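Peer 1:
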Amino acid sequence: MTETLRYTTSEMLAILAARQLKDGQVVFAGVGVPLLAATLAQRLRCPGLTILFEGGVIGAFVEPGKLPPSTNDQRCTKRANMVLGSAEVLLLLQRGYVDVGFMGGAQIDQYGNLNSSFIGDPAAPKTRLPGTGGGNDISSLTNMIVAMKHEKRRFVEKVDFVTSPGFLRGRRSRAESGLVAGGMFRVITELAIFGFDDDSRRMTVLALNPGVNREEVQDNTGFPLDFHDRVAVTEPPSNHELETLRLLDPERLFIA
Amino acid sequence: MTETLRYTTSEMLAILAARQLKDGQVVFAGVGVPLLAATLAQRLRCPGLTILFEGGVIGAFVEPGKLPPSTNDQRCTKRANMVLGSAEVLLLLQRGYVDVGFMGGAQIDQYGNLNSSFIGDPAAPKTRLPGTGGGNDISSLTNMIVAMKHEKRRFVEKVDFVTSPGFLRGRRSRAESGLVAGGMFRVITELAIFGFDDDSRRMTVLALNPGVNREEVQDNTGFPLDFHDRVAVTEPPSNHELETLRLLDPERLFIA
Amino acid sequence: MTGYEVQSYARLRENLAQRDRSLREKVMSLSEAASFVQDGMTVGVGGSTMSRTPMAMLWELIRQSRKHLTVARCIVSTDGDLLVGSGVADEIVTSWFAQGILWGLSKVMRHHVESGEKRFQEWSHMAIGMRFRAGAMGVPFMPIRSMLGSDVLRLRPEAKEIDCPFTGEKLLLVPALNPDVALIHVQRCDAYGNAQIDGLQFMDIDLAMAANSVILTTERIVSNDQVRRAPDQTKIPFFCVDAVVETPYGAAPHECYGLYEPMMRHMESYVARVNADPVRGMRDYLDRYVLGPKSWPEFLALIGMEEVLEATSRGRSIYND
Amino acid sequence: MTGYEVQSYARLRENLAQRDRSLREKVMSLSEAASFVQDGMTVGVGGSTMSRTPMAMLWELIRQSRKHLTVARCIVSTDGDLLVGSGVADEIVTSWFAQGILWGLSKVMRHHVESGEKRFQEWSHMAIGMRFRAGAMGVPFMPIRSMLGSDVLRLRPEAKEIDCPFTGEKLLLVPALNPDVALIHVQRCDAYGNAQIDGLQFMDIDLAMAANSVILTTERIVSNDQVRRAPDQTKIPFFCVDAVVETPYGAAPHECYGLYEPMMRHMESYVARVNADPVRGMRDYLDRYVLGPKSWPEFLALIGMEEVLEATSRGRSIYND
Chain A
1 MTETLRYTTS
11 EMLAILAARQ
21 LKDGQVVFAG
31 VGVPLLAATL
41 AQRLRCPGLT
51 ILFEGGVIGA
61 FVEPGKLPPS
71 TNDQRCTKRA
81 NMVLGSAEVL
91 LLLQRGYVDV
101 GFMGGAQIDQ
111 YGNLNSSFIG
121 DPAAPKTRLP
131 GTGGGNDISS
141 LTNMIVAMKH
151 EKRRFVEKVD
161 FVTSPGFLRG
171 RRSRAESGLV
181 AGGMFRVITE
191 LAIFGFDDDS
201 RRMTVLALNP
211 GVNREEVQDN
221 TGFPLDFHDR
231 VAVTEPPSNH
241 ELETLRLLDP
251 ERLFIA
Chain B
1001 MTETLRYTTS
1011 EMLAILAARQ
1021 LKDGQVVFAG
1031 VGVPLLAATL
1041 AQRLRCPGLT
1051 ILFEGGVIGA
1061 FVEPGKLPPS
1071 TNDQRCTKRA
1081 NMVLGSAEVL
1091 LLLQRGYVDV
1101 GFMGGAQIDQ
1111 YGNLNSSFIG
1121 DPAAPKTRLP
1131 GTGGGNDISS
1141 LTNMIVAMKH
1151 EKRRFVEKVD
1161 FVTSPGFLRG
1171 RRSRAESGLV
1181 AGGMFRVITE
1191 LAIFGFDDDS
1201 RRMTVLALNP
1211 GVNREEVQDN
1221 TGFPLDFHDR
1231 VAVTEPPSNH
1241 ELETLRLLDP
1251 ERLFIA
Chain C
2001 MTGYEVQSYA
2011 RLRENLAQRD
2021 RSLREKVMSL
2031 SEAASFVQDG
2041 MTVGVGGSTM
2051 SRTPMAMLWE
2061 LIRQSRKHLT
2071 VARCIVSTDG
2081 DLLVGSGVAD
2091 EIVTSWFAQG
2101 ILWGLSKVMR
2111 HHVESGEKRF
2121 QEWSHMAIGM
2131 RFRAGAMGVP
2141 FMPIRSMLGS
2151 DVLRLRPEAK
2161 EIDCPFTGEK
2171 LLLVPALNPD
2181 VALIHVQRCD
2191 AYGNAQIDGL
2201 QFMDIDLAMA
2211 ANSVILTTER
2221 IVSNDQVRRA
2231 PDQTKIPFFC
2241 VDAVVETPYG
2251 AAPHECYGLY
2261 EPMMRHMESY
2271 VARVNADPVR
2281 GMRDYLDRYV
2291 LGPKSWPEFL
2301 ALIGMEEVLE
2311 ATSRGRSIYN
2321 D
Chain D
3001 MTGYEVQSYA
3011 RLRENLAQRD
3021 RSLREKVMSL
3031 SEAASFVQDG
3041 MTVGVGGSTM
3051 SRTPMAMLWE
3061 LIRQSRKHLT
3071 VARCIVSTDG
3081 DLLVGSGVAD
3091 EIVTSWFAQG
3101 ILWGLSKVMR
3111 HHVESGEKRF
3121 QEWSHMAIGM
3131 RFRAGAMGVP
3141 FMPIRSMLGS
3151 DVLRLRPEAK
3161 EIDCPFTGEK
3171 LLLVPALNPD
3181 VALIHVQRCD
3191 AYGNAQIDGL
3201 QFMDIDLAMA
3211 ANSVILTTER
3221 IVSNDQVRRA
3231 PDQTKIPFFC
3241 VDAVVETPYG
3251 AAPHECYGLY
3261 EPMMRHMESY
3271 VARVNADPVR
3281 GMRDYLDRYV
3291 LGPKSWPEFL
3301 ALIGMEEVLE
3311 ATSRGRSIYN
3321 D
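Which chain is which? The protein sequence lines are A, B, C and D, in order.
Position 166, counted from 1, in the first sequence is what this note's numbering calls 166; the numbers after and before it change by one each time, with no gaps.
The number in this note's numbering is simply the position in the second sequence, starting from 1, with 1000 added.
The number in this note's numbering is simply the position in the third sequence, starting from 1, with 2000 added.
The number in this note's numbering is simply the position in the fourth sequence, starting from 1, with 3000 added.
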């Protein structure tokens, strides 16, 4: 590998996630890798992409080197198209204006359910986590892309607590519970890209990252993985992708 | 009578209505006599009175000679404390921020129900009237003062159509229908001032206007009136009241 | 008559998923924008009474002789007259329908509604607002505490009384209203449709979010750069707007906050004409003022430069102190 | 724990009828305003995360050692730490409770909540907003389409699932939240309490309308005359405000839109201190920064002039372009 093609896990996640977005989409993004990925997509291929923040921002304009540290502070509003109440921006998800919700994850299971509330028994938790924030609303109301580190303890058969619903217990259980729109679309890790089977709704390997084999993915996953009929191998980050990304975060706040 | 003490019916209604308001109240007012009366009360005795308009105005400041022609045009907002959505200003009634609703009336019955929708059978009306506007919301959600001309055809036993609920069929029928707050408080005409009996909820004469006797009121009313145990006689408009009122409407748009 | 049914969530989502919500310019002419409104649709109209009425858009719909529209607006004045009198609308969904406080009863409304030929569907003012709000929020209903016990409710089987599952109190659930198209006039917006509204908002924000498409007419088009300098002044976001039409004096002869007040001499001559004869009077008015002019500026010229300037100086005076 | 029960409409109306809603001046000191907050009350807190947190008011409540409060806020950061760590609050009703994205998990929250000594009542972010909105609208609930099927809902029996009477769809009804008191920090208001809020509004308008009383802290008090010149910029009307306290830098060390960004060095030293030892570290912090200073300006002096000025220049920079 040449110097320019070395990259960090975060850079890899941001670049692969960016490739999942389409021009013209409205994306509800968390800070960090999700925001970087959405902004990267905007710069590379999707000039008509719109980014929403939970704090109450529509069409934020992220300036290189001035990434907002959270979705609820004033930096998120710089050069935005609209600033509105935080209930209002979440209601846009419910009304249906948002195409993709994009966030990180702490613990995920085979049906794409996310846990950010409790490690262990909720009644007597080993760890009380920060909770859902807007995560439950986003994952209940639109199509989700999650970018997260791939560790066995994070990829479990059943999450300790369903904070943000994926496909719940699989099959039609999500729709039957009243969640008629949205669902987990893609999970992106440093090892692979995952989708969810249209019937079983179980996590399925769609593509392996360069230099990663099936065993490696399975060994780092706490449940038996399905593999797509034709598992692709993802193109590594290009020079152009890496350079554009690094321009956005010169201090390497989120891509280190 | 001296020159200064001659007055029109509208002047009489405005002045008697103004006397019904208390300092510090929040009053939801229609244009015309209601607005004049509320503004007059503000000038004479109630500096802390707040006037709301249906168009979306809080704490309007009415300048003498610049009375707004309707509650939905920009003149209503001149020097107001707040301008907000029209649903929002109506929701203030529902939340309970408003003490008094104040409007005119076309047809009223013995229980203080108002009709501004249909003359005759709603299925095949003799006249289709303009409808409720905010009238139904105001009369459903707060205490009402109505100022109107006293004619037999306007004071009927049962209105053709209950557009704005008074006490419906009397007794507890208003509360039982789900309207737990508010109700008709006073009706003011050129002949008398009416309240509503605490039990029967029928219209009751509280006070006769100067020079008016019981027969005259009854003769102009389409149902048998109750009279309070001690029917008072209203003080005629004072010089000060008339002068202040006439300053507010120098072109006599509403007091003619 | 979509105005009657609550649309299923799946259908609402599907409609929205189909819309192009990308950041794109969408400036077009009145006649192009009119193509978003098709016969039989339910149309939500912004503003209220004589304020920020999207009059130029309604004028264009009459010129293109749309038919069988159901039109919903919180309070309707002479705009309602024109819609039923011209034959464009079959039904008006509103809380109040007259020619304006100053003139009272509309002979045009009476003629068409009392004959049963047109319908006037009456809700309370707040109920109309809550129907738009439910539509804007993507839920099938809003709970309210008015209309209960009245005959207004008796004529509205579309609403449902319930006992509150939390308090046992009686409540009314009013059904979401998601118009096929919303017509809204604003003081300014950019080419993408980010709109700023000065002064009275009425129900326009909920209406814009509720509708399945939105046509903005605007007094002027400003740069997106200007919008981004004060993002907390944007009231309607670009992605719920499908067409932007720059139409100065687009609410005439009604008012537009801070720019012009109603053109009263024109309004008075209109009222005198149609109340004298709601059919021939209306036909004459439409021939002369709607079908006659070749363009909106020509219609304004018929109102007359002097009256337009007077209305403008009254309108701007709100900012004089 | 009022936060749990939906208040009856009769009770809500009664509470409001008792309040003095007249146009009157209500400027007072932090300590006077604190008297509106009594032990055991449910308190709604404005702003979100590290933005427009009414920190000076919370600081005063800790100094006056209020007890057994239930505190509701859309997203809670170090303000939540201080409320549970100081013993002022028994329960936090929120959607997210950490020290801020940059620092993640709060050791203070973990220590007090995992031991069962304090409670963290979790709702989705939108659900918190709809609970305030229902309270603001004077209705017992709002319908929403999130939380369904999740364990977040399983732990919230206060919410009720229904089948929609219009569409048959599953919906969740979240109960109105009408706090006894709301604490809100704004950029400016007049002596009557007419408040203007720049930039991010969060849920403050609904919170103000929902609460049974409202304490405003404000960066500055402007004349009512200035408010009346731009009435469409008023976000909270005077009659739902009970106290106005002029408190420059009243959100420090958090940010106030357009005026100052978070004071990060102070935040980082706080986080290091309490995460090293959530009990002794918190006690030390409170002794030095909350109980120690004689006044709010003295607390600001402890943050340090240099950091305050830096935060100010970053805060104002939002308007530099």
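Note that CB positions come from ideal geometry on N, CA and C, so glycine has one too.
Remember, it's a predicted structure, so these values are computed and weren't measured experimentally.
Where does Thr1221 of chain B sit, in a helix, a strand or coil, going by DSSP?
Peer 2: coil
Peer 1: Give me the Cα-Cα distance between Thr3218 of chain D and Val2227 of chain C, rounded to the nearest whole angstrom.
Peer 2: 27 angstroms
Peer 1: Is the CB-CB distance between Pro2262 of chain C and Pro2248 of chain C below 8 angstroms?
Peer 2: no
Peer 1: Return the CA-CA distance between Ser3269 of chain D and Gly3104 of chain D, expressed in angstroms with no decimal places.
Peer 2: 15 angstroms
Peer 1: Should Arg201 of chain A and Asp226 of chain A be called a contact, given that it needs their Cβ atoms to be closer than 8 angstroms?
Peer 2: no
Peer 1: Among A:Ile255, A:Lys78, A:Gly101 and A:Thr127, whose alpha-carbon lies nearest the alpha-carbon of Asp2324 of chain C?
Peer 2: The structure shown does not extend to residue 2324 of chain C, since chain C is modelled only from 2001 through 2321, so no value can be given for it.
Peer 1: For a contact meaning CB atoms closer than 7 angstroms, what does Asn1072 of chain B contact in chain D?
Peer 2: In chain order: nothing, as chain D lies at least about 15 angstroms away.
Peer 1: Give the residues of chain A in contact with Cys2240 of chain C, contact being defined as C-beta atoms less than 8 angstroms apart.
Peer 2: Tyr97
Peer 1: Could you tell me which whole alpha helix (DSSP H) segments of length 4 or greater appear in the segment 3245-3273 of chain D?
Peer 2: none
Peer 1: At 8 angstroms on the CB atoms, spell out the chain D contacts of Ile2162 of chain C, in chain order.
Peer 2: Pro3165
Peer 1: Is the number of C-beta pairs between the segment 2135-2150 of chain C and the segment 2168-2176 of chain C that are closer than 8 angstroms three or more?
Peer 2: Touching, yes, given that three or more Cβ pairs across the two stretches are closer than 8 angstroms.
Peer 1: Can you find the residues in the same chain that come closer than 7 angstroms, C-beta to C-beta, to Leu2012 of chain C, ignoring five residues on each side of it along the sequence?
Peer 2: Gly2138 and Asn2178
Peer 1: Just mark Tyr2009 of chain C as buried or exposed, buried being the case when its beta carbon has 16 or more other beta carbons within 10 Å.
Peer 2: Per the 10 Å Cβ criterion, buried.
Peer 1: Should Gln296 of chain A and Leu49 of chain A be called a contact, given that it needs their Cβ atoms to be closer than 8 angstroms?
Peer 2: Coverage of chain A is limited to positions 1 through 256, which leaves residue 296 of chain A absent and any answer about it impossible.
Peer 1: Does the separation of the CB atoms of Ala41 of chain A and Leu35 of chain A fall below 8 angstroms?
Peer 2: no
Peer 1: Find out if the Cβ-Cβ distance for the pair Ala1017 of chain B, Ile1138 of chain B is shorter than 8 angstroms.
Peer 2: no
Peer 1: Cβ of Gly3138 of chain D less than 8 angstroms from any chain B Cβ?
Peer 2: Put simply, the CB of Gly3138 of chain D is near chain B, with a gap under 8 angstroms to one of its CB atoms.
Peer 1: In whole angstroms, what separates the C-alpha of Thr4 of chain A from that of Glu243 of chain A?
Peer 2: Bear in mind that a pLDDT of 45 at Thr4 of chain A, under 50, signals an unreliable position, so the model cannot answer this.
Peer 1: To the nearest angstrom, how far is it from the Cα of Val62 of chain A to the Cα of Leu2153 of chain C?
Peer 2: So the two alpha carbons sit approximately 51 angstroms from each other.
Peer 1: Give the DSSP-derived three-state secondary structure of Asp279 of chain A in the structure shown.
Peer 2: No statement about residue 279 of chain A is possible, as the shown extent of chain A runs from 1 to 256 and does not include it.
Peer 1: Against Gln3201 of chain D, what residues of chain A qualify as contacts under a CB-to-CB distance less than 8 angstroms, listed in chain order?
Peer 2: Gly56, Val83, Leu84, Gly85 and Ser86
Peer 1: Which residues in the same chain as Val2048 of chain C place their Cβ atom closer than 6 angstroms to its Cβ, once the five residues preceding and following it in sequence are excluded?
Peer 2: The displayed chain sequence assigns Ser, not Val, to residue 2048 of chain C. Excluding positions up to five away in sequence, the list reads Cys2074, Ile2075 and Phe2202.
Peer 1: How many Å lie between Ser116 of chain A and Pro1047 of chain B at the Cα?
Peer 2: 55 angstroms
Peer 1: Which residues in the same chain have their Cβ closer than 7 angstroms to the Cβ of Glu216 of chain A, if we skip the five residues on either side of it in sequence?
Peer 2: Within the same chain, Cβ atoms closer than 7 angstroms to the Cβ of Glu216 of chain A are found at Leu191, the five residues on either side in sequence being excluded.
Peer 1: Kindly indicate which three-state DSSP category Gln272 of chain A falls into: helix, strand or coil?
Peer 2: Given a span of 1 to 256 for chain A in the structure shown, any question on residue 272 of chain A remains unanswerable.
Peer 1: Hey, out of C:Glu2169, C:Ser2035 and C:Ala2056, whose CA is closest to Lys2067 of chain C's CA?
Peer 2: C:Ser2035
Peer 1: Less than 8 angstroms between the C-beta atoms of Met1082 of chain B and Asn3194 of chain D, yes or no?
Peer 2: yes
Peer 1: Could you please give me the residues that DSSP links to Phe3097 of chain D through a beta bridge?
Peer 2: D:Val3076
Peer 1: Is the Cβ of Thr1008 of chain B closer than 8 angstroms to any Cβ of chain D?
Peer 2: no
Peer 1: Using DSSP bridges, identify the partner residues of Phe155 of chain A.
Peer 2: According to DSSP, Phe155 of chain A bridges with A:Ile108.
Peer 1: Considering just the uninterrupted stretch of the alpha helix (DSSP H) at Glu1241 of chain B, what are its terminal residues?
Peer 2: Asn1239 to Leu1248
Peer 1: Buried or exposed: Gly3003 of chain D, going by 16 or more other Cβ atoms within 10 Å of its Cβ?
Peer 2: Its pLDDT being 43, under 50, Gly3003 of chain D is placed unreliably in this model, and the value from its coordinates should be taken loosely. By the neighbour-count rule (16 or more Cβ atoms within 10 Å), Gly3003 of chain D is buried.
Peer 1: How would you call Arg1214 of chain B, buried or exposed, if buried means at least 16 neighbouring beta carbons within 10 angstroms?
Peer 2: With fewer than 16 other CB atoms across the displayed protein chains lying within 10 angstroms of its CB, Arg1214 of chain B is exposed.
Peer 1: I'd like the list of long-range same chain contacts for Ile1058 of chain B, defined as Cβ closer than 6 angstroms, with 5 residues on each side in sequence excluded.
Peer 2: Leu1052, Asn1081 and Met1082
Peer 1: What do you reckon, are the CB atoms on Ser1010 of chain B and Phe1254 of chain B nearer than 8 angstroms?
Peer 2: Between Ser1010 of chain B and Phe1254 of chain B, the gap from beta carbon to beta carbon is short of 8 angstroms.
Peer 1: Just the chain E side, please: which residues come within less than 8 angstroms of Ser3008 of chain D by C-beta, in chain order?
Peer 2: In summary, chain E is missing from the structure at hand, where the protein chains are A, B, C and D.
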